[in-house]
Structure formats: structure tokens, C-alpha cells
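The letter at position 249 of the sequence shown is residue 248 when you use numbering that gives the first Met the number 0, and the numbering goes up by one with no holes.
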Amino acid sequence: MEKQLAIFDTDILYASRLMEYFKKTKWDEFEILLFTKKDSLINFLKYQAIDILLYGGDTSTDEFPKDNIRYVFRLCEDTNQIQGRDEMIYKYQPACKLGADILSRYTRLEDINQNGSDGDVRFVAFFAPVPGEDKITYTWSAAKKLSNNSKVLFIDLEQLPAAAMLRQEDSGRSMSELLYYLKEAGSNYIDKLKSYLNYSEKLSYLTGPTHGFDLLSLSREDMGRLMDDIKNHTDYETVILHLGIYTEASMEALSRSDEVNIISCDLPYEESAVKEWERQMGLIGKDNKNLKINRIIL
């Protein structure tokens with residue numbers, strides 16, 4: 000069912016251009032509505048529910064029928080008003096950034112408000128025997144593309160996470176604390192998952208650990224439990240795992256995945272690393288022929 004985003008602003012030129020931008024970009028699942036008169040918007044909301052109201056008015060929204068608005072984001076002209084207020088969005092930023100900001104916040108709110116699972120989640124692993132920026136960028140792009148059509152969680156398992164798109168300075172959202180709760184075997188640790196997530200438009204993602212040693216401490220059992228709990232207690236359709244580290248835990252994730260992608264560059268050293276990985280997997284009784292492996296050569 001098509002969702003609805005309503006734009007309200009008395010600046011007709013600004014509102015019209017913003018509406019045209021939304022219609023031309025990543026908002027296919029939304030019907031875009033434009034209002035420049037408050038009374039018209041109020042009358043519309045008496046009879047029609049909307050998913051997002053992007054409100055550029057100076058007055059309060061208290062007189063709007065709240066039951067018919069799922070989320071309200073306010074356009075503000077002062078960047079100081081944004082600090083610590085998720086509902087405030089800076090009005091005069093580039094349209095592409097404004098749109099991405101709205102999608103990210105919308106995805107976060109949907110994550111918070113939706114619970115339960117039908118257990119039908121697909122795990123897709125991307126393993127890089129030789130980590131590098133080109134590999135994580137490839138996996139990230141695949142996750143972003145998939146998130147346009149389904150609910151996706153991206154998990155970065157690199158010991159030294161350095162990719163620019165995954166850095167969330169001062170966000171306080173790293174997976175290290177979540178992994179601590181996992182290892183403590185707390186029954187409700189999975190409930191904390193959403194508080195550690197970051198968002199890039201429609202994609203939900205976990206950044207790498209505060210310290211790479213946190214990943215080294217994960218056991219096979221820990222990884223198995225994490226994947227089982229994501230499957231049984233969240234509503235994601237696909238979980239993308241970027242495995243930039245070779246440990247028992249990461250190989251457990253790989254062996255449990257529905258699809259396995261091995262990423263390498265077209266270099267003799269990296270091809271040798273892939274062959275050595277295959278040899279070592281054989282030593283521990285893991286037959287790669289039983290896995291659905293795709294080779295991706297960059």
C-alpha cells in the first residue's frame with residue numbers, strides 16, 4: 000500500500016521544488032502531497048491519514064488531528080534548534096541531504112515502533128579474506144540497493160573499521176556494548192539492539208566495535224545465538240554481514256548464511272589468500288562445496 004508524505008510550507012516556490020525533488024528520487028513508495036495553506040491541510044487530515052508530515056510552518060501543530068499523522072518532522076531555519084531534537088530538520092540544506100535525513104529518521108522510528116518476527120529472515124555474508132575499503136564499499140552498496148525494496152540490517156564485522164560511511168562520531172552507537180550484553184547471556188540483550196543502530200536512509204546498520212579485540216572475544220556459540228535471536232526477535236527481511244575478519248565466530252556466521260559471497264581484488268596475492276582460506280576451512284572439516292558461494296572479483 001502506498002504511503003503518503005505531506006509537505007506544508009507557505010513558501011510556495013520552496014515547497015514546490017522540494018516536492019518535485021522527492022518525486023524524482025527515492026520516494027517511489029510514497030505519494031507526495033503539497034499544502035501551502037494550513038486550513039487546507041487541517042481539513043485534509045480530518046479524513047485522511049498520512050505517514051509523514053514535513054511541516055515548515057511557524058505555529059504549533061497542536062490543532063492538527065494527531066491520530067491521522069504517524070510522524071511529524073519540522074523544517075527549521077536555525078541549525079541551533081536541531082541539537083538533540085530528532086524531529087527538527089534544517090530547512091536550507093541541499094535537497095539530497097534533506098531527503099536522506101528524513102528517510103534515515105523515518106527508518107529509525109519505524110524500527111522502534113515495529114516489533115515481532117515471522118522468522119523468515121535471509122542472511123547474506125560477504126567475506127573478504129584480505130580486507131580493504133573497496134570490499135566494504137561494495138558490500139555497503141549492495142545493502143543500500145537492497146534496502147530500497149526490503150527491510151535490511153547491515154552488520155560490519157571488521158576488526159579495524161575505517162570506512163568513512165560507517166563512522167558515526169559522537170553517536171555513542173557502537174556494537175561493543177551490545178556484544179558485552181550478548182556474552183553475558185542476558186535474556187533481554189536483543190531488546191537493546193535497536194538502541195545501537197544507525198541509519199542511512201532506508202538502511203539500518205550496526206557500526207564496528209569500539210575496539211577490535213571485542214570481535215576476537217566472540218565465540219562460535221555467541222555468533223550463533225546472535226543470528227538466531229535476530230531471526231526470532233526482529234522483523235528484518237535480510238541481514239547483510241560484512242566479514243572482514245577470519246575467526247571461528249565469523250566462519251560460523253558464514254556457514255549459517257543463506258548466501259555467501261567471497262570478495263577479492265584481481266591480484267595474485269589476494270587469489271592466493273582465497274586458496275589458503277579454502278585449505279584451512281578444509282582442515283576444520285568445512286567443505287566449501289556445501290556452501291552457496293559466489294566469487295566477486297573487483
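The C-beta atom is built at its ideal place from N, Cα and C for all residues, glycine as well.
Query - ALA272 - partner residues in DSSP beta bridges - result: If you number the sequence shown from 1, residue 272 lands on position 273. Beta-bridge partners assigned by DSSP to ALA272: none are found.
**Report entry** Same chain only: Cβ atoms within 8 angstroms of THR78, ignoring 5 sequence neighbours per side
**Finding:** Residue numbering aside, residue 78 sits at position 79 when the sequence shown is read from its first letter. Taking THR78 as the centre and dropping the five residues before and after it, the same chain places the C-beta of TYR89 closer than 8 angstroms to its C-beta, in chain order.
Query raised in the report: In whole angstroms, what is the alpha-carbon distance linking SER173 and LEU4?
Result: Counting from 1 along the sequence shown, the entry for residue 173 is found at position 174. Counting from 1 along the sequence shown, the entry for residue 4 is found at position 5. Rounded to whole angstroms, the gap between the alpha carbons of SER173 and LEU4 is 31 angstroms.
Query - Contact set for THR106: own chain, Cβ-Cβ below 8 angstroms, skip 5 residues either direction - result: Here the question's residue 106 lines up with position 107 in the sequence shown. Excluding sequence neighbours, THR106 sits near TYR198, GLU200, LYS201, LEU202, SER203.
Query raised in the report: To which residues does DSSP link VAL259 through a beta bridge?
Result: Counted from its first residue, the sequence shown places residue 259 at position 260. In DSSP, VAL259 forms a bridge with ALA124, ILE292.
Requested in this report: Tell me whether SER249 counts as near the ligand ADP, meaning its Cβ is closer than 7 angstroms to at least one heavy atom of that ligand.
Outcome: This structure lacks the ligand ADP; in fact it carries no ligand of any kind.
Requested in this report: Under 6 angstroms Cβ to Cβ from LEU108, same chain only, skipping five residues before and after it: list those, please.
Outcome: Working through the sequence shown from its first residue, we reach residue 108 at position 109. Excluding the 5 residues flanking it on each side, LEU108 has same chain C-beta neighbours closer than 6 angstroms at TYR70, in chain order.
Query raised in the report: Helix, strand or coil: which one does DSSP assign to SER146?
Result: Start at 1 with the first residue of the sequence shown, and residue 146 comes out as number 147. Reduced to three states, the DSSP call for SER146 is helix.
**Report entry** Buried/exposed call for GLU168, threshold 16 Cβ in 10 Å
**Finding:** For the purposes of this step, residue 168 is taken as the residue at position 169 of the sequence shown. Confidence in GLU168 is poor, its pLDDT being 45 and thus under 50, which makes the residue's placement too unreliable to answer from.
Query raised in the report: Is SER59 helix, strand or coil when you go by DSSP?
Result: Start at 1 with the first residue of the sequence shown, and residue 59 comes out as number 60. Residue state for SER59 is assigned as coil, using DSSP reduced to three classes.
Query raised in the report: Does DSSP put ALA94 in a helix, in a strand, or in coil?
Result: Position 95 of the sequence shown, counted from the start, is the residue given in the question as residue 94. Reduced to three states, the DSSP call for ALA94 is helix.
Query raised in the report: Rounded C-beta distance between ILE295 and ILE261? I'm assuming under 8 angstroms.
Result: As a position in the sequence shown, residue 295 is number 296, starting the count at 1. As a position in the sequence shown, residue 261 is number 262, starting the count at 1. Contact holds; Cβ gap of about 7 angstroms.
Query raised in the report: Could you give the residue range of the beta strand (DSSP E) that holds LEU266?
Result: Here residue 266 is taken as the residue at index 267 of the sequence shown, counted from 1. No beta strand (DSSP E) holds LEU266; DSSP gives it neither H nor E.
Query raised in the report: Contact between the stretch 130–145 and the stretch 228–244: three or more CB pairs below 8 angstroms?
Result: The answer is yes - the stretch 228–244 touches the stretch 130–145, with three or more Cβ pairs under 8 angstroms.
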